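A quick write-up on the structure given underneath.
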Amino acid sequence: MVGFEGGTLTIIGGRPSVGKSQIALFLALQMILLHKLPVIIFSLEMTKKQLEYRLWSLISVTPQYKDFNLIPLLSDRMRKHRAGFELLANWEFDSIAQIVGITSELPLYINDNRGVTVSGIASSCRQVQARVGKLGLVVVDYLQMMADPEFQNLIPPLSSQEKLQLEANLQEFGCIDPLVVWLSTGILLDGHNRYEICTRLQIPYKTVEIEITDRAAAVCWIANHQLGRRNITPETASYLRGKRYIHLRGNREDNLKQNLPNGKNFLSVENDLEQDLSKGKNPIKVDVAKSLAQQYKVSDRTIRNDAQFTEALDTLATAFGEEIKHLLLTRNTRLTKKDILLLAKVVQEEGKQLAQKLLDKKLNKCDIVQQIKSKQPVPNPHFVGELCQIIGKGDPELKKFSGCWCIIIEVNTYSCAVQTYRMDFPAVKLENLEPVYTPNEPTATKNCDRIRRLTDEIYKDFEPTHAAVMEVLGRLADPGSLTSKQERILAFLENEYNL
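Offset between the sequence shown (1-based) and this note's numbering: plus 1415.
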């Protein structure tokens, strides 16, 4: 092991079947024997059992074990014996028995998960290091193909039916189209679903390498490639356009800041931007957004909205996992873009716990509406005392109160009785109620009660100015978080009406 230093990356290259894996295994064994340090091996090609046979064969001829009087073993003979083609001799079994005892004491960890990712390798290394201390060597055999989590999450997942059909096609016709790989890195850019099936079923596949400058460029390439497919949803297209915009905008900003005096953003004279520059708009955003808008035949405003949608989805994926993002992109929920932006805002401002409650309610509401339409019995999810917002769509009586907060005062099978700032409604349908989530629920309930009592007093004599103020307070997004001015106005009117 002379010449190896901590943090060194060593790549063993060569033609197939020249012994690259055997050399790596030899180095791993020497690290254990000479330096007394643990080793972890990630095998993306051979199974754990195949590696064990090779390790047994290597140990049988290793000088450090000569006192065991081991007979040299051949890994091929052990493999053929296991397959039933050859029988091992008794002396071979004796050596294997001794070697199994030796290997059980070695600090060697083997991971033969072919779907392992770069982050998965790093995570496994940290786990082993936390368990046994210093890690001597990490072997990855081999670097031909690896899936990057960030890149893989840009690929819309297949439905179970689509995946079964793809698997059947691959078994019948083979992998016709090559998988696309990032040159010199072995990281997969396109063909993740085919790669997973081919490795699992041992179906041969070809690869083609393309040159990419950096990760941002790789993300843009994947997004653009996926946008060329016909079977993506409008939400997926919006997400991918937003990804491209975010990465292209970032690259352009970095490049301009490096090349401009005083760190100011500047573009060389471009006629199509002069009007926007005169209005004080950010030239970088205008340029990138316009370029993508022309490419995808949408407006530049749409591109910027796509970026907001993308950032919101990524926020939800970070908080709740990638599965929720894929559910939203594949339209397996009835949540709108507005809902997604709101959820992301709640995650950032109020925290994951409150956002989870809001998400559960919204998903439950979508299911309820669907079940009611299909005439299926469904429990009412609301409860007495719950704070909601009235949605007036589809109900003329509620239209004037659309956007107002309300308190649930009675729960029925398919409706709720509610109290607003001005009047009560005995039967509001579930689809016309949107739960309001506030970190100050007791305060919100108290303020709603204050506003309702004050409104009742004002409407006895009907003072128009005061009534207009109460209408504004009756439409507060969060009655639990009054501003200082709102609190002073409310207190002033309460004093006016002796409340």
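Think of the CB as a built atom: it goes at the ideal place given N, C-alpha and C, for glycine as much as any other residue. Here the structure is a predicted model, which is why all the values come from computation and not from measurement.
- The beta carbon of Ile1486 sits closer than 6 Å to those of Trp1506 and Ser1510, all from its chain and outside the five residues before and after it, given in chain order.
- When the alpha-carbon of Met1838 is set against those of Glu1812, Asn1528 and Lys1844, the nearest one is in Glu1812.
- When secondary structure is reduced to three states using DSSP, Phe1724 falls in the helix class.
- Between Arg1609 and Leu1585, the CB-CB gap stays under 8 Å.
- As DSSP reads the structure, Gln1580 sits in no beta bridge.
- Separation of the CB atoms of Ser1472 and Asp1527 is rounded to 18 Å, and the pair is thereby denied contact status at 8 Å.
- Counting C-beta atoms within 10 angstroms of its own C-beta, Gly1889 has 16 or more neighbours from the protein chains shown and is therefore classed as buried.
- Excluding its 5 nearest sequence neighbours in each direction, Ala1859 has C-beta neighbours in its own chain below 6 Å: Leu1802, Thr1853, Pro1894 and Gly1895, listed in chain order.
- Proximity to Lys1861 across Lys1844, Gly1800, Gly1818 and Val1555 peaks at Gly1800, based on C-alpha coordinates.
- Shown here, Asp1893 sits in coil according to DSSP, grouped into three states, outside any helix or strand.
- Per DSSP, reduced to three states, the secondary structure at Asp1839 is strand.
- The beta-carbon distance between Ala1883 and Tyr1874, rounded to whole angstroms, is 12 Å. This is too long to meet the 8 Å contact definition.
- The C-beta distance from Leu1848 to Ile1805 rounds to 7 Å, short enough to fall under 8 Å.
- DSSP places Ile1824 within a strand segment (E or B) once states are collapsed to three.
- Here Ala1504 carries a coil assignment [DSSP, helix/strand/coil].
- Of all C-beta pairs linking the region 1727–1740 to the region 1705–1719, fewer than three are shorter than 8 Å, placing the two stretches out of contact.
- DSSP links Asn1639 through a beta bridge to no other residue.
- Secondary structure of Thr1622 (DSSP, three-state): strand.
- Ser1899 sits in a helix when the DSSP states are folded into three classes.
- Under DSSP, the beta-bridge partners assigned to Asn1526 are Phe1457.
- DSSP places Lys1814 within a helical segment (H, G or I) once states are collapsed to three.
- Excluding residues up to 5 positions away in sequence, Leu1769, Ala1770, Leu1773 and Tyr1852 lie with their Cβ nearer than 8 Å to the Cβ of Val1761 in the same chain.
- Going by DSSP, Val1543 is part of the alpha helix (DSSP H) stretching over Val1533 to Val1547.
- For the 8 Å CB-CB criterion, Pro1571 and Leu1744 form a contact.
- Inter-segment contact for the region 1530–1538 and the region 1436–1445 is absent: fewer than three beta-carbon pairs are separated by less than 8 Å.
- In this structure Pro1850 touches Lys1776 by the C-beta definition: roughly 5 Å separates them, less than 8 Å.
- Judged by their CB atoms, Asp1605 and Ile1647 are not nearer to each other than the 8 Å cut-off.
- Here Ile1591 is exposed, its C-beta having fewer than 16 other C-beta atoms within 10 Å.
- If you draw a 10 Å sphere on the C-beta of Gln1542, you find fewer than 16 other C-beta atoms in it, and that means exposed.
- Residue burial is scored here from C-beta neighbours: Asp1864 has fewer than 16 other C-beta atoms within 10 angstroms and is therefore classed as exposed.
- Boundaries for Ile1805: no alpha helix (DSSP H) harbours it, while the beta strand (DSSP E) harbouring it runs Leu1802 to Ile1805, taken from the DSSP string.
- Beyond the five residues adjoining it in sequence on each side, Arg1494 comes within less than 8 Å, by CB distance, of Gln1465 and Tyr1468 in the same chain, given in chain order.
- In this structure, the beta-carbon distance from Leu1521 to Met1446 does not fall below 8 Å.
- Between Leu1502 and His1496, the CB-CB gap stays under 8 Å.
- Setting aside the 5 residues that flank it on each side, Glu1582 is surrounded in the same chain by Ile1612, each with a C-beta closer than 6 Å to its C-beta; the list follows chain order.
- Annotation for Thr1835: Phe1816, Cys1819 and Cys1821 place their beta carbon closer than 6 Å to its own, counting only its chain and skipping 5 residues before and after.
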